[in-house]
Amino acid sequence: MSQTSPSSSSSTFLTFFVPPVRTCAPLSRPQHGYLRCSGGGRGAGGGGSAGGGGGAGDGGGASYRAECVAGCERGYRLEGEARLTCLADSMWSGPQPRCVGKPSRTT
């Protein structure tokens, strides 16, 4: 019986573990409000003031631990959490905030 011996040349392979990138879905700027994000977060409707504007990222969601702060224009009330954080399970720490009410008009 012939035996096959292992090859005399051996190769060394290094394996690197790259953890998956955790991201949360993009948040939308509340109607009649603003959304400001840091740490790679951005709302789909813009990361700046009520008029839109720049922000980190490009609509692809927010990185783990990114924080977003929402607020409303004068005369509107924020419903939901003002500050949201992207968690390790790729979910936001609360539901999408929204602005409710109508500005009062003086005549």
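Under the working numbering, the first residue of the sequence shown carries the number -11, and numbering increases by one thereafter.
Cβ atoms here follow ideal geometry from the backbone N, Cα and C, with glycine treated the same way.
- Contact between the segment -1 to 7 and the segment 59 to 76 is absent: fewer than 3 CB-CB pairs across the two stretches fall below 8 Å.
- A straight-line Cα-Cα distance of about 15 Å links Lys90 and Gly59.
- By the criterion of a C-beta distance shorter than 7 Å, Leu75 is surrounded in its chain by Ser81, once the five residues flanking it on both sides are discounted.
- In the DSSP assignment, Gly59 is bridged to Tyr22.
- Contact check for Ala54 against Pro14 fails: the beta carbons are separated by 8 Å or more.
- Taking 8 Å as the upper bound for CB-CB distance, Cys56 and Cys25 are in contact here, some 4 Å apart.
- Only residues of its own chain outside the window of five on either side were considered, and among them none has a CB closer than 6 Å to the CB of Thr0.
- For Leu72, the enclosing beta strand (DSSP E) begins and ends at 71 to 73.
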